[in-house]
Amino acid sequence: MKFERKQFLEDVTKILSADFAVTLEEAGKKELYQAVSKAVMTEVFPDWQACKRQSGKRCGYFSAEFLMGRAIFNNLLSLGILEDVREALASVREDLNEFEEVEDAALGNGGLGRLAACYLESAASMDIPLDGYGIRYRYGLFRQTFENGYQKEEGDDWLKWGDPWSVRVEREAKIVRFADMDVLAVPYDMPIFGYRNGVVNTLRLWSSEPIRAFDFEMFDKMKGENKAVENFHATKICDVLYPNDNTMVGKMLRLRQQYFLVSASLQDIVTKLKAEGVDLHDLPKRYCFQLNDTHPVLAIPELIRILRAEGFSFEEAFGVAGRCFNFTNHTIMAEALERWDALALSDLIPSVYEQILACQNRLDEEAGGDSRFFIIREGTVHMANLAIYVSSKVNGVAEIHTNILKRETFRDWYERYPEKFVNITNGITPRRWLLLNNPRLAALIDGKIGSAWHTDLSRLSLLKPHLGDMLSDFKEIKGENKARLAAYIKEKEGVEIPAGFIFDVQIKRLHEYKRQLLNALSVLAYYFGVKDGTYRDLPPTAFIFGAKAAPGYYMAKAIIKFINEIANLVNGDKTVSDRMRVVFVQNYDVSYAEKIVCAADISEQISMAGMEASGTGNMKFMLNGTVTLGTLDGANVEICEEAGADNNYIFGATVDEVAKVKHGYAPEKLLEADPVLKRAVETLIDGTFPDEKGMLKRLYASLTTGYEPDRYLVLHDFADYMRVKTKLLYDYGTDEFFMKCLVNLASAGKFSSDRSVKDYADLIWHI
Ligand code: 26Q
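For the sequence shown, the residue numbers in my numbering are 2 to 768.
Take a look at the structure:
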């Protein structure tokens, strides 16, 4: 986009007067934010319109989550006007950085939602016609605070600053029909800008509204009964994002959300094609759909339903659906695979359930009654099975994950349909996760190899001959990023991290399989070790955590409380203050991640092997020149392949070992044999920490008793973790260590989401 400062400031001034009746001098922060954003939107409208009208094949990315983060800086960067706008505002004594207060669009939980956001950005940048379809939740992922160390949740009013980056397209509203009511779906379109290439794709988010605005006269006539109830329910559908990550909750409202999303999206696409005069038998030539996990899988029977209403036979409709749909799995945990009660589903959307039944019958015939293949069983609809049966391609998100899907999770399906299964290793966009969050490091790289890496990350390998020359600048830049983060943490969390400390970071959703508890126990071991002299000379380290726990996930919340208690103990003990600090940052989100990732020295990726499908945080740290302390799980395996295991710090049981260890596993014996481990674990029950609610006791019990004590092998991996982590802490600071960081940076090319979306386009979408 070409930029004219004078014109831009005039546009901003006009919008301020028309929308807010203020001058540029009078405008407040929020008004200015709205006006600046709108001025840009007006300017890009022609490009957007042109892209929307293109006639080639497109892909729809159907996802219950899009974790977009803050739009303004990224959009200005993509349009190539970030610095122009900064200077234009500076010329009228305004500071672009003031917009750091704008709320994140947190319409997602974690990895799966953020991946969708990276893919949209990359597809636009690679000129791939990919559009997102999702839900415009009124409240995104909850805001987190800590009170007395316990997590508290508050509603996330992400629209507080308005939503100038969306356009409400009321004329394209659709009606979604449930057995008990009809709901209006109104689309809000967000432009997705390609990086400096003029491409503008679309994220279309649907908002639910009553079909008739609340009508008091009608209300009165009907004695308030039905219509009022319908209005009430309609607005509720999009009220809030379910805050669960990797756990299934079988809530009817969630089922409504999912049907609302896919029905509105498919009606929208089919209506447009029909208006163009396209024969719907040719739908697969014009569209394909990527199902982001099981959440949008109702799209399959919904499309079949729509086509049958258009006069297709079931076989015809099934054939079209089979060529349109593809399915990505993001987790092997059985509890995260969506399943619905068949009765509930058939009550709510009977005509859709009918198509599921027809699919089941077709499968029965095809599989000759082999009971391993089912969609509905014992009154439950298994959405993953439906997705695999109908889709052309099924993909996992890292090599190891896809292999586990083939060998275990979906073994029978893989045997029957081996050609369906492919791997597409996840990626991240290097624009947000290096250019935007770490501009000085990006500039250092530009200086060595030019800027072509911005859209071809494999070119980072060209840095390899220059790494030695980059050392001192790299250290300086990392030091500055750390100082900035430390100042921010001081302000937000009230914890001081002295200069020169190692930043050891674990940021991700809180889940037992991710093993924040293992990290916490190591912190305690270092603490007692510093005090008793074992680690008298421990390299000064700040242990930094960030994570939200699902509000109903008891163990996850107990782990947060435990870590906050450890932070209190350590930070309150003057005798260790030159060696350690511990901080659990509040309300970890995309914007916090941007600040943390560029400032980390250690990237903790310590899930039990076999549990983390891929991980994408691991890639963000690598791209910013950070070594991984991790298990051979998810994409860590490929990170080691690319950068060398000797440039990272790998520990713990492998997938094969996990299976063996679990036979006859006796965690109490491990406790008795290792006094360091025992000392750390017993703080959960020995009164070290106040435990008003019995949470820590239950954490202890989960490690030592019950049906499957220490399910995620925290105690088993502890000793090896301590060994490798300690080596890492003592390696820190030498030139050799910083070279490892740089080798990681230079080896991160594979993990660009540009590569991922091109893989999808070639192997799956054929566009
Ligand atoms: C399901 C049913 C009911 C309620 C919630 C859910 C639900 C919601 C979110 C289930 C799963 C999720 C999210 C899963 C997720 O984020 N998985 C992560 O996906 C990343 C991108 O592929 C991977 O990198 C991570 O390894 C994986 O954990």
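Cβ atoms here follow ideal geometry from the backbone N, Cα and C, with glycine treated the same way.
R582 vs I498 beta-carbon contact at 8 Å: yes
Chain-order list of residues whose beta-carbon lies under 7 Å from that of E683 (same chain, five-residue window excluded): none
Ligand 1 heavy atom lying under 7 Å from the CB of S615: yes
G112: CB within 7 Å of a non-hydrogen atom of ligand 1: yes
heavy atom of ligand 1 below 7 Å from G635 C-beta: yes
Cβ-heavy atom distance, Y243 to ligand 1, below 7 Å: yes
Heavy atom of ligand 1 within 7 Å of E339 beta-carbon: yes
One or two residues paired with T203 in a DSSP bridge: P192
Spatial neighbours of V1 in its chain, beta-carbon cut-off 7 Å, leaving aside the 5 residues before and after: Here the chain has residues from 2 to 768 only, and residue 1 is not among them.
Where T629 falls: helix, strand or coil (DSSP): strand
Pairwise C-alpha distance: E32 and K491: 29 Å
Short Cβ contact (8 Å threshold) for L292 with T332: no
Bounding residues of the alpha helix (DSSP H) (the contiguous stretch that carries D721): Element bounds for D721: V715 to D732.
Local Cβ density within 10 Å of P419, reported as buried at 16 or more and exposed below that: exposed
Contiguous alpha helix (DSSP H) assignments of at least 4 residues, all confined to the stretch 260-324: 284-287 and 300-310
Simplified DSSP state of S459, which is helix, strand or coil: helix
Short Cβ contact (8 Å threshold) for N247 with H455: Cβ distance not < 8 Å, so N247 and H455 don't count as in contact.
Cross-strand partners of Y140 (DSSP beta bridge): DSSP lists V241 as the beta-bridge partner residues of Y140.
Any non-hydrogen atom of ligand 1 within 7 Å of L435 CB: no
Whole-angstrom C-beta distance between I238 and I212, which should lie under 8 Å: The pair is not a contact, with the Cβ atoms about 13 Å apart (cut-off 8 Å).
Supposed close pair Y140, L77 - CB separation, criterion 8 Å: Cβ atoms of Y140 and L77 stay farther apart than 8 Å, at about 27 Å.
Close Cβ partners of L358 (< 8 Å) along its chain, the five nearest in sequence each way excluded: So the list reads I377, once near-sequence residues are dropped.
Sequence-distant residues of the same chain with beta carbon closer than 6 Å to V677, five excluded per side: The beta carbon of V677 lies closer than 6 Å to those of A526 in the same chain, with the five residues before and after it left out.
Alpha helix (DSSP H) segment containing N745, residue limits: D736 to A747
Local Cβ density within 10 Å of N1, reported as buried at 16 or more and exposed below that: The chain is shown from 2 up to 768; residue 1 falls before or after that span and cannot be answered.
Closer than 7 Å: H576 CB and nearest ligand 1 heavy atom: Per the sequence shown, the amino acid found at residue 576 is Thr instead of His. It does not: the Cβ of T576 is nowhere closer than 7 Å to a heavy atom of ligand 1.
Nonlocal neighbours in the same chain, by C-beta distance under 7 Å from A568, ignoring five residues either side: V583, V584 and F585
Own chain partners of D157 with C-beta closer than 8 Å, once the 5 adjacent residues on each side are dropped: Counting only Cβ-Cβ distances below 8 Å, and skipping sequence neighbours, we find E104, A107, Y140, G141, L142, F143 and R144.
I768 vs K58 beta-carbon contact at 8 Å: yes
Proximity test, H383 beta-carbon vs ligand 1 heavy atom, cut-off 7 Å: The answer is no for H383.
Cα-Cα separation, M191 to A51: 15 Å
DSSP three-state assignment for T14, whether helix, strand or coil: helix
Proximity of V13 and A40 at Cβ, strictly below 8 Å: In this structure, A40 lies closer than 8 Å to V13 by Cβ.
For L113, the nearest candidate out of G611, P244, T706 and D538 (CA to CA): P244
Distance CB(D579)-CB(A543) smaller than 8 Å: Judged by their CB atoms, D579 and A543 are not nearer to each other than the 8 Å cut-off.
Candidates K476, G495 and Y134: closest to N572 by CA position: G495
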